[in-house]
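Comments concern the structure below.
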Amino acid sequence: MGKDFGIRMNGDVKVIELKGKITIGSGDLKMRETIHQALGDGTKKILIDMAGVSTIDSSGVGELVGCYTTATHKGAKLKLMNLPNKIQDVLTVTQLITVFDVYSSEAEAVASFG
Amino acid sequence: MGKDFGIRMNGDVKVIELKGKITIGSGDLKMRETIHQALGDGTKKILIDMAGVSTIDSSGVGELVGCYTTATHKGAKLKLMNLPNKIQDVLTVTQLITVFDVYSSEAEAVASFG
Amino acid sequence: MTEPEQGAVVLWLSSRYENIELVQAALGHVCRLRGIDGEMEHWIGMALREAVANAIRHGNRLDPQKRVLVSFGGDGDVLELTVGDEGDGFDPGRISDPLAPENQMKTSGRGIFYIRTFMDEVSFSRGEKGGTILTMKKDLKTRIAGKGEQ
Amino acid sequence: MTEPEQGAVVLWLSSRYENIELVQAALGHVCRLRGIDGEMEHWIGMALREAVANAIRHGNRLDPQKRVLVSFGGDGDVLELTVGDEGDGFDPGRISDPLAPENQMKTSGRGIFYIRTFMDEVSFSRGEKGGTILTMKKDLKTRIAGKGEQ
Ligand SMILES: Nc1ncnc2c1ncn2[C@@H]1O[C@H](COP(=O)(O)OP(=O)(O)O)[C@@H](O)[C@H]1O
Ligand SMILES: Nc1ncnc2c1ncn2[C@@H]1O[C@H](COP(=O)(O)OP(=O)(O)O)[C@@H](O)[C@H]1O
Numbered sequence: 006m007g008k009d010f011g012i013r014m015n016g017d018v019k020v021i022e023l024k025g026k027i028t029i030g031s032g033d034l035k036m037r038e039t040i041h042q043a044l045g046d047g048t049k050k051i052l053i054d055m056a057g058v059s060t061i062d063s064s065g066v067g068e069l070v071g072c073y074t075t076a077t078h079k080g081a082k083l084k085l086m087n088l089p090n091k092i093q094d095v096l097t098v099t100q101l102i103t104v105f106d107v108y109s110s111e112a113e114a115v116a117s118f119g
Numbered sequence: 006m007g008k009d010f011g012i013r014m015n016g017d018v019k020v021i022e023l024k025g026k027i028t029i030g031s032g033d034l035k036m037r038e039t040i041h042q043a044l045g046d047g048t049k050k051i052l053i054d055m056a057g058v059s060t061i062d063s064s065g066v067g068e069l070v071g072c073y074t075t076a077t078h079k080g081a082k083l084k085l086m087n088l089p090n091k092i093q094d095v096l097t098v099t100q101l102i103t104v105f106d107v108y109s110s111e112a113e114a115v116a117s118f119g
Numbered sequence: 097m098t099e100p101e102q103g104a105v106v107l108w109l110s111s112r113y114e115n116i117e118l119v120q121a122a123l124g125h126v127c128r129l130r131g132i133d134g135e136m137e138h139w140i141g142m143a144l145r146e147a148v149a150n151a152i153r154h155g156n157r158l159d160p161q162k163r164v165l166v167s168f169g170g171d172g173d174v175l176e177l178t179v180g181d182e183g184d185g186f187d188p189g190r191i192s193d194p195l196a197p198e199n200q201m202k203t204s205g206r207g208i209f210y211i212r213t214f215m216d217e218v219s220f221s222r223g224e225k226g227g228t229i230l231t232m233k234k235d236l237k238t239r240i241a242g243k244g245e246q
Numbered sequence: 097m098t099e100p101e102q103g104a105v106v107l108w109l110s111s112r113y114e115n116i117e118l119v120q121a122a123l124g125h126v127c128r129l130r131g132i133d134g135e136m137e138h139w140i141g142m143a144l145r146e147a148v149a150n151a152i153r154h155g156n157r158l159d160p161q162k163r164v165l166v167s168f169g170g171d172g173d174v175l176e177l178t179v180g181d182e183g184d185g186f187d188p189g190r191i192s193d194p195l196a197p198e199n200q201m202k203t204s205g206r207g208i209f210y211i212r213t214f215m216d217e218v219s220f221s222r223g224e225k226g227g228t229i230l231t232m233k234k235d236l237k238t239r240i241a242g243k244g245e246q
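Keeping their order, the protein sequence lines are chains B, Y, A and X.
Quick note on my numbering: the first sequence kicks off at 6 and runs consecutively.
Quick note on my numbering: the second sequence kicks off at 6 and runs consecutively.
Quick note on my numbering: the third sequence kicks off at 97 and runs consecutively.
Quick note on my numbering: the fourth sequence kicks off at 97 and runs consecutively.
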């Protein structure tokens, strides 16, 4: 819906700042595009900042899993940080919290890539 | 709907600050109550500040006319100030703009009561 | 009320004034989808609020068992709104003119005038089971919304 | 679809994902009228969005001519939501479990799980003319909304 997600570098880590609703028909595809583009130039370290995400529906979660798989296939790592409580709850009930590496600070997250 | 309109004195003029929607079932009755209460203590000069009004429907306009008539019957004067464009437009098309004394500044309005 | 044939968005609401806010929200949604700007939305909203208020008050006489139907339709250039109620209907030809000097200080009687002022085409008809169906159209090509003759 | 018997607020929407936002707005309206807090509204909204998305996508296959019906009802203690579509129906007994290890990395299949997690009672039935009617209830007396087993 016209909204753009921010992208910036922190060292060699590409930080993607999602915002708003990651839901069917709007944010979900935008997220996939943004992450696929980020992976396109050979980046190996992707950190998704979820701080600004208000809602993630099952399509959004599905896309996030898909992006994780794509990243892995390309030899890249995709990690998450700054999960708002409600997003954390959703990843907990879907048991995806154990799949993703999740950090609560950017410094910690960036360091974890090694 | 719980919202209250502000009331303050400017000299011997009672200034009532309306806000939000003056519409059927919520703001319209609240406005009438507030103005009737203000008239209850024998106040003769009432200045309605419309700056914060976003919408006035036909019930709101009707109540305003009713309050004007009540004030007149009690020997009081009821004037309006700070009409947002959209409210001004509504009073214009209903030709009530000629009924009400309307001012664009509080100083001017207060002075007009004499 | 029967199933409306048209209108991409249709609401059925119990007869409570609070529901006017939902109609307003639905209008906002439809306007965003159709690229109608905030200025035009405001004036259409003024008309629509009056129509729904009349359906609730005069049509359904505030009986919460009775429904108000609001439909948003029309094609690219025209927004068509329909408001239906389950009341006894009325004769729109007998509405008094709120601009007539003897009506100027009346506390009511301006709703249909608002509707006619802010919309481009307004018609009343009878529903199958009685009740009023008010159809309002707004030409979306005109730049200035509703203020009409001004 | 036939006239719904209950539900103080009923929406009929064409099958467009954008209309999910209107359903969300209508839920917000109903929650305010019924004193349902923002936390509970959030989780109910998560379930409702999934139900409507399924009706649009799987039920009506994105055919904008087909309608989705959303009804908000129930009494003081229970919020009852109904989502109906004009699709071919399906067998909800054959839904796979998204928590099963072999499904964990799938990109879909979590919608009905969301619904079952965030609502208290969920049932599927067939509409008169085919199509799915999903009925969801939320007990408004429970303090923590939906997160259920946690
Ligand atoms: N949906 C309706 N059903 C029955 N009567 C109606 C309806 N809408 C309007 N009317 C009649 O038309 C009159 C004028 O309506 P309106 O111009 O909106 O002013 P008001 O609502 O302030 O009376 C109402 O008083 C009522 O008698
Ligand atoms: N309203 C519906 N009409 C037809 N089939 C449906 C409907 N809702 C769900 N389904 C079927 O149930 C499956 C699981 O739905 P869901 O759990 O929401 O996951 P997803 O939508 O990601 O596939 C869908 O893939 C679809 O086959």
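In this text, a Cβ means the ideal position worked out from N, Cα and C, and glycines have one as well.
query, result
"CB contact flag (Glu137 (chain A), Gly124 (chain A), <8 Å)", "yes"
"Residue environment, Asn90 (chain Y), which counts as buried when at least 16 other CB atoms sit within 10 Å", "exposed"
"8 Å Cβ cutoff, Glu101 (chain A) in contact with chain X", "With a pLDDT of 48 at Glu101 (chain A), under the threshold of 50, the predicted position of this residue should be treated as unreliable, though the coordinate-derived value follows. Not closer than 8 Å to any Cβ of chain X, the Cβ of Glu101 (chain A) fails to qualify, so no."
"Cβ pair Val70 (chain Y), Gly25 (chain Y) closer than 8 Å", "no"
"Option nearest Lys234 (chain A) by Cα separation, candidates A:Ala104, A:Arg112, A:Leu144, A:Ile116", "A:Leu144"
"CB contact below 8 Å: Tyr113 (chain X) versus chain B", "yes"
"Extent of the continuous beta strand (DSSP E) run through Gly169 (chain A)", "163-169"
"Residues near Lys162 (chain X) in its chain [Cβ-Cβ closer than 6 Å; skip 5 each side]", "Ser111, Asn156, Glu182"
"Residues within the segment 194-205 of chain A neighbouring chain Y, beta-carbon criterion of under 9 Å", "Pro194, Leu195, Gln200, Met201, Lys202, Thr203, Ser204, Gly205"
"7 Å Cβ shell around Ser192 (chain X) - same chain, five flanking residues per side excluded", "Asn199, Gly205"
"From Y:Gly119, Y:Ile61, Y:Ala112, residue whose alpha carbon lies closest to that of Asp33 (chain Y)", "Y:Ile61"
"Rounded Cβ spacing between Phe105 (chain B) and Lys82 (chain B) (contact assumed at less than 8 Å)", "The Cβ separation is near 11 Å, so there is no contact."
"Sequence-distant residues of its chain with Cβ nearer than 7 Å to Ala116 (chain Y) (five each side left out)", "none"
"Interface positions of the segment 81-104 of chain Y facing chain A (Cβ-Cβ less than 8 Å), listed along the chain", "Lys91, Asp94, Val95, Thr97, Val98, Thr99, Gln100, Leu101, Val104"
"Assumed close pair Glu114 (chain A), Gly30 (chain Y) - CB separation to whole angstroms, cut-off 8 Å", "7 Å"
"Cα-Cα separation, Ser64 (chain Y) to Ala151 (chain X)", "40 Å"
"Near ligand 1: Asp181 (chain A) beta-carbon under 7 Å from a heavy atom", "yes"
"Near ligand 2: Glu38 (chain Y) beta-carbon under 7 Å from a heavy atom", "no"
"Beta-carbon spacing of Leu175 (chain X), Ile132 (chain X) below 8 Å", "yes"
"Inter-residue spacing [alpha-carbon to alpha-carbon] between Gly226 (chain A) and Gly180 (chain A)", "10 Å"
"Neighbour flag for Val66 (chain Y) against chain A, beta carbons, 8 Å", "yes"
"Test item: CB-CB of Phe214 (chain X) and Trp139 (chain X) under 8 Å", "yes"
"Thr228 (chain X): CB within 7 Å of a non-hydrogen atom of ligand 2", "yes"
"DSSP bridge partner residues for Ser221 (chain X) (one or two, in chain order)", "X:Ile229"
"Reduced DSSP category for Arg206 (chain A) - H, G, I as helix; E, B as strand; rest coil", "coil"
"Separation of Asp216 (chain X) from Val148 (chain A), as counted between CA atoms", "34 Å"
"In DSSP terms, what Lys26 (chain B) is bridged to", "B:Thr60"
"Residues that Met142 (chain X) contacts on chain B, provided the C-beta gap is smaller than 8 Å", "Thr60, Asp62, Val95"
"Residues near Lys237 (chain X) in its chain [Cβ-Cβ closer than 6 Å; skip 5 each side]", "Asp173"
"Identity of the residue in B:Ser110, B:Glu22, B:Ile40 nearest Tyr73 (chain B) by Cα", "B:Ile40"
"First through last residue of the beta strand (DSSP E) which encompasses Thr178 (chain A)", "174-180"
"Buried/exposed call for Thr98 (chain X), threshold 16 Cβ in 10 Å", "Low confidence applies to Thr98 (chain X): its pLDDT is 42, below 50, so where it sits in the model is not reliable, and the reading given next is rough at best. The residue in question, Thr98 (chain X), is exposed, as its Cβ has fewer than 16 Cβ neighbours within 10 Å."
"Helix, strand or coil at Lys35 (chain Y) according to DSSP, with G and I counted as helix", "helix"
"In DSSP terms, what Met14 (chain B) is bridged to", "B:Lys19"
"Chain-ordered chain A contacts of His125 (chain X) [CB-CB under 9 Å]", "Glu114, Asn115, Glu117, Leu118, Ala121"
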